[in-house]
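What follows is one structure encoded as structure tokens, with my remarks underneath.
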Amino acid sequence: MSSVSANVREVAEAVSIFDEARNVGALDEGFTVFTRSVKSSVGRLKPVKSGGLWFAVLVYPRQSATTSPLLILTTALSVVEGVAKTTGLQPLLRWPNEVSLHGSVVGAASVEMEVVNDAIARAFAGAGIYVNAKTGEQETSIAEQAGGEIDDTLLLENILQSFTRNYQLYKEGWRVELLDKIRDMMEYVRTVVSVNLSQGTQLIGFLEGLDELGRLILRVDQERIPLAPADVESITLF
């Protein structure tokens, strides 16, 4: 994939950016669909009528399905890097898929994938971002944090350039290098955190970092516990 931004299509509005990308029927790896207005959520990000940036990139990873958390992190890392390059601000990656700025979530990555024989045959890697959106009391946008309107076209270009580099590391198996980049941008890493699990229980431990699959490693007493995204409801500082 020489340039993931070489084939980009805008849609005026989407119910789901992933459905839009899928319905186009494109075959080229790197084909990207984006919009500024959506009617469905991505992660905890609510739909916005304008001022958002929602995109999906077609990729053919052909990697084990066990690496799916790492592909999500790769996408989120690319958003973090793109926002930093565009604004000069330093967002952080809130495992497993969110992007935070000054403690507030401004973006969330998501990946929809097709698995064949335990391998990710095809996937749409994307994200939703509050760029210039007017948000409520519980949310914020990049523009609100930066104190001025953001060039969302430039932001998308910078995100896609980062994704091209990071995705190649993921696809070619350079996981140590990729994980180092992700850890450097992670929120809460090497701190004591409270983890609410999906089954309703709570763990308090030291967040060591990530394993080679992108799972969270939590040290509780002398035990190192790997946690996949499906295992975790929320993480907060303890």
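Residue 132 in my numbering sits at position 113 of the sequence shown; the count goes up by one each step and never skips.
The beta carbon of each residue, even a glycine, is placed where N, CA and C say it ideally should be.
Find the nearest neighbour of residue i within the set the options, judged by alpha-carbon distance.
| i | options | result |
| --- | --- | --- |
| Thr86 | Ala31, Ala33, Leu197 | Leu197 |
| Met204 | Leu173, Val130, Trp114, Val78 | Trp114 |
| Ser83 | Asn177, Ile178, Ile36, Glu191 | Glu191 |
| Pro80 | Arg63, Asp47, Thr172 | Asp47 |
| Ser60 | Val34, Ala247, Val212, Pro110 | Val34 |
| Pro248 | Ile91, Lys58, Ile169 | Ile91 |
| Leu174 | Asn151, Leu256, Leu188, Asn136 | Asn151 |
| Phe50 | Thr106, Ala138, Phe143, Gly107 | Phe143 |
| Glu231 | Leu179, Ala45, Leu112, Arg202 | Arg202 |
| Val78 | Pro110, Glu133, Pro66 | Glu133 |
| Val67 | Thr154, Leu111, Val130, Thr105 | Thr154 |
| Glu227 | Leu216, Ser217, Tyr207 | Tyr207 |
| Arg238 | Val43, Asp199, Ser253, Val211 | Val211 |
| Gly122 | Ala45, Val251, Ser160 | Ser160 |
| Glu176 | Thr105, Leu222, Glu117, Ser119 | Thr105 |
| Val27 | Asp38, Gly44, Val52 | Val52 |
| Arg194 | Arg234, Ala140, Val214 | Arg234 |
| Leu120 | Pro88, Glu158, Glu131, Leu89 | Glu158 |
| Thr255 | Asn215, Thr183, Asn185, Leu246 | Asn215 |
| Phe225 | Ile236, Gln218, Gly219, Ser217 | Ile236 |
| Gly126 | Val102, Leu108, Asp137, Asn136 | Val102 |
| Thr183 | Ala45, Leu64, Val76, Arg55 | Val76 |
| Glu163 | Glu252, Glu32, Leu108 | Leu108 |
| Tyr186 | Ile223, Val57, Arg209, Val130 | Val130 |
| Asp170 | Glu117, Val251, Arg55, Arg41 | Arg55 |
| Gln10 | Thr172, Phe37, Asp250 | Outside the shown range of the chain, which is 20 to 257, sits residue 10, and nothing can be said about it. |
| Pro88 | Leu246, Ser253, Glu100, Phe257 | Leu246 |
Pull up the DSSP beta-bridge partners for residue i, would you.
| i | result |
| --- | --- |
| Ser253 | Asn215 |
| Glu242 | Val239 |
| Gly224 | Val212 |
| Ala128 | Ala146 |
| Phe50 | Beta-bridge pairing links Phe50 to no other residue. |
| Arg28 | Val52 |
| Met205 | Leu112 |
Mapping the DSSP letters down to three states, classify residue i as helix, strand or coil.
| i | result |
| --- | --- |
| Val23 | Residue placement at Val23 is flagged as unreliable, the pLDDT there being 49, under the threshold of 50; a coordinate-derived value is accordingly withheld. |
| Phe37 | helix |
| Val43 | helix |
| Leu229 | strand |
| Ala247 | coil |
Taking only heavy atoms of the ligand MN into account, decide whether any of them is closer than 7 angstroms to the Cβ of residue i.
| i | result |
| --- | --- |
| Phe37 | The ligand MN is not among the ligands present in this structure, which contains no ligands whatsoever. |
Segments assigned alpha helix (DSSP H), at least 4 residues, entirely inside the stretch 136 to 202:
Within the stretch 136 to 202, the complete alpha helix (DSSP H) segments at least 4 residues long are 161 to 165, 171 to 190, listed from N- to C-terminus.
Three or more C-beta pairs under 8 angstroms: does that hold for the stretch 92 to 100 against the stretch 234 to 245?
Segments in contact, no.
Of all the alpha helix (DSSP H) runs that stay within the bounds of the stretch 58 to 125, which reach a length of 4 or more residues?
At a cut-off of 4 residues, the continuous stretches assigned as alpha helix (DSSP H) that sit fully inside the stretch 58 to 125 are 87 to 106.
Segment contact flag, the stretch 132 to 150 with the stretch 67 to 76, C-beta cutoff 8 angstroms, min 3 pairs
Contact check between the stretch 132 to 150 and the stretch 67 to 76: three or more CB pairs, one atom from each, fall below 8 angstroms, which counts as touching.
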